[in-house]
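> The C-terminal residue of the sequence shown carries number 203 in numbering that gives the first Met the number 0, and the numbering is unbroken. Glycine is no exception: its CB is placed at the ideal position from the N, C-alpha and C atoms. Keep in mind it's a predicted model, so treat the numbers as computed, not measured. Handing you this structure, nothing more for now.
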Amino acid sequence: MTCLHRRKIKDEYIYKLKQETYISSNEDIKKKKKKKFIVTGFSPCNKKNVYEANIISTLSAIQILFLLNKTDENSISTKTLLEIYNFVIFLFDEEKGYFHFSLKSVQYKFDGDMRFMFCSLCTLYLLNKLFKERNIYVNNINNNKCIHWIINCFNIDGGFSNLPGSESHAGTTFCAIHSLKLLKNEKGKTYFSYNPIMKKKLIR
Numbered sequence: 000m001t002c003l004h005r006r007k008i009k010d011e012y013i014y015k016l017k018q019e020t021y022i023s024s025n026e027d028i029k030k031k032k033k034k035k036f037i038v039t040g041f042s043p044c045n046k047k048n049v050y051e052a053n054i055i056s057t058l059s060a061i062q063i064l065f066l067l068n069k070t071d072e073n074s075i076s077t078k079t080l081l082e083i084y085n086f087v088i089f090l091f092d093e094e095k096g097y098f099h100f101s102l103k104s105v106q107y108k109f110d111g112d113m114r115f116m117f118c119s120l121c122t123l124y125l126l127n128k129l130f131k132e133r134n135i136y137v138n139n140i141n142n143n144k145c146i147h148w149i150i151n152c153f154n155i156d157g158g159f160s161n162l163p164g165s166e167s168h169a170g171t172t173f174c175a176i177h178s179l180k181l182l183k184n185e186k187g188k189t190y191f192s193y194n195p196i197m198k199k200k201l202i203r
């Protein structure tokens, strides 16, 4: 996997945001000790000095592995899967409820993007499927924060924008609707299940 990027991160401002969101069995996290986290993501090609790992390429890579039926331990190790999970979690802005495109986007605090929200949630969904097969438990992101950010992108014309305050687009509306379907509450219900009013607005 020449497009796989592996990095060590020890950044205080990121750590403060992420210290609660890792594997529950990690004693270092429970004790709030600083440590280096290994994060792994995929880039568009193997030119690591030119292209950084990002959420779109990471989702595409995992989807390809599923299509090729290469998701067993020999094809992609549990260690690598957990590092990819770390990568996605590091992209999540817990305060605002959206995902960044890459680690540089996190560093420079760029705005969220509905496409990155959808790609991140799809990646987490596929990772969780593999984790369940391997009997691994990981903490989840704050679904309510994500839902709040997505709903803030809903416009009076019935569509969703790329970020709050922008114009609606068909592509971002697709990403928003399917993101809301991926975000389930503790009872396993989607946003549309317990909010029929929004469903009616979209149908209209």
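Give every residue of the same chain whose Cβ lies closer than 8 Å to the Cβ of L64, excluding the five residues on either side of it in the sequence, and list them in chain order.
Taking the sequence shown and counting its residues from 1, the one referred to as residue 64 is at position 65. Taken in chain order, the residues that qualify are T70, S74, I75.
> Could you give the first and the last residue of the continuous beta strand (DSSP E) run that contains F36?
By one-based count along the sequence shown, residue 36 stands at place 37. First-last of the beta strand (DSSP E) with F36: 36 to 41.
> From the DSSP secondary-structure annotation, give me the bridge partner or partners of D110.
Here residue 110 corresponds to residue number 111 of the sequence shown, with the count starting at 1. D110 pairs with nothing; no bridge assigned.
> Just how far apart, CA to CA, sit N138 and Y84?
Within the sequence shown, the letter at position 139 stands for residue 138. Within the sequence shown, the letter at position 85 stands for residue 84. So the two alpha carbons sit approximately 10 Å from each other.
> Within 10 Å of its beta-carbon, does A169 have 16 or more other beta-carbons around it, so buried, or fewer, so exposed?
Your numbering for residue 169 matches position 170 in the sequence shown. Burial call: exposed.
> Take L162 as the anchor and find which of K188, D110, L126, H177 has the nearest alpha-carbon.
The residue labelled residue 162 in the question sits at position 163 within the sequence shown. If we check each option's Cα against that of L162, D110 comes out closest.
> If I measure Cβ to Cβ from L181 and keep anything under 6 Å in the same chain, skipping five residues before and after, which residues do I get?
The count along the sequence shown starts at 1 and reaches residue 181 at position 182. Counting only Cβ-Cβ distances below 6 Å, and skipping sequence neighbours, we find L120, Y124.
> State the DSSP-derived secondary structure class of S119, mapped to helix, strand or coil.
What you label residue 119 is simply residue 120 of the sequence shown in a count that begins at 1. Helix at S119.
> From the DSSP output, which residues share a beta bridge with H168?
Numbered from 1 along the sequence shown, position 169 holds the residue referred to as residue 168. H168 pairs with F159.
> Short of 6 Å in beta carbon distance, which residues of its chain neighbour S101, apart from the five on each side in sequence? Order them along the chain.
Within the sequence shown, residue 101 is the residue found at index 102, counting from 1. Answer for S101: E51, N53, listed in chain order.
> Assuming L205 contacts V105 under a Cβ cut-off of 8 Å, what Cβ separation, rounded to an integer in Å, is found between them?
Any property of residue 205 remains undetermined from this structure, which presents the chain solely from 0 to 203.
> Note the first and the last residue of the continuous alpha helix (DSSP H) segment covering E82.
Walking along the sequence shown from the start, residue 82 turns up at place 83. Per DSSP, E82 belongs to the alpha helix (DSSP H) from 77 to 90.
> Is it true that the CB of W148 sits closer than 8 Å to the CB of Y97?
Taking the first residue of the sequence shown as 1, we reach residue 97 at position 98. Taking the first residue of the sequence shown as 1, we reach residue 148 at position 149. Their beta carbons are under 8 Å apart, which means Y97 touches W148 by this criterion.
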